[in-house]
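Participant: Sharing a structure, written as structure tokens. Questions coming.
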Amino acid sequence: MCGRYALAAPRSQLAWRFALAHCDVHAVRYNIAPGTDIAVVRLSPSGQRVLHLLRWGLLPHWASEAASGARLINARGESLRSRPPNCGRGR
């Protein structure tokens with residue numbers, strides 16, 4: 021999998037494509053890397069689609085700090101249950 025991506029769509033296009041109720045946190049970015057905040061479409065408590073910023077990465081239960089999640093961006097399905105840091109996940 022790729023470790024970086026770009027989000028070049030303007031705010032108006034994202035709002036239309038995903039039927040967003042609110043789209044106020046997006047900015048065009050061309051080099052989005054793991055460990056940074058990324059725009060994600062989520063459902064609000066009222067059931068509307070909104071754009072939120074979330075940190076990109078997988079944070080294992082044993083990590084003492086959030087910076088560990090920046091190194092973990094992919095989880096392979098074939099070894100999900102047998103290799104750290106994912107042992108026991110995917111049930």
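The working numbering puts the sequence shown at residues 21 to 111.
Built from N, CA and C at the ideal position, the CB exists for glycine as well.
These numbers were taken from a predicted model, which means no experiment stands behind them.
Cα separation between T56 and W76?
Facilitator: Roughly 6 angstroms separates the two Cα atoms.
Participant: Hey, could you find the ends of the alpha helix (DSSP H) L74 is sitting in?
Facilitator: Unbroken run through L74 is the beta strand (DSSP E), 69-75; no alpha helix (DSSP H).
Participant: Using only the alpha-carbon positions, how far apart do S32 and H42 sit?
Facilitator: Taking the straight line from one Cα to the other gives about 10 angstroms.
Participant: Taking the continuous beta strand (DSSP E) assigned at A35, which residues delimit it?
Facilitator: Taken as a continuous stretch (DSSP letters only), A35 belongs to no beta strand (DSSP E), being part of the alpha helix (DSSP H) at 31-37.
Participant: Along the beta strand (DSSP E) that carries D57, what are the first and last residues, could you check?
Facilitator: Where D57 is concerned, the enclosing beta strand (DSSP E) stretches over 57-63.
Participant: Using the Cα positions of S102 and A83, report the straight-line distance between them to the nearest angstrom.
Facilitator: Looking at the two C-alpha atoms, the distance is approximately 18 angstroms.
Participant: For the beta strand (DSSP E) containing A26, list its first residue and its last residue.
Facilitator: That run of the beta strand (DSSP E) goes 25-27.
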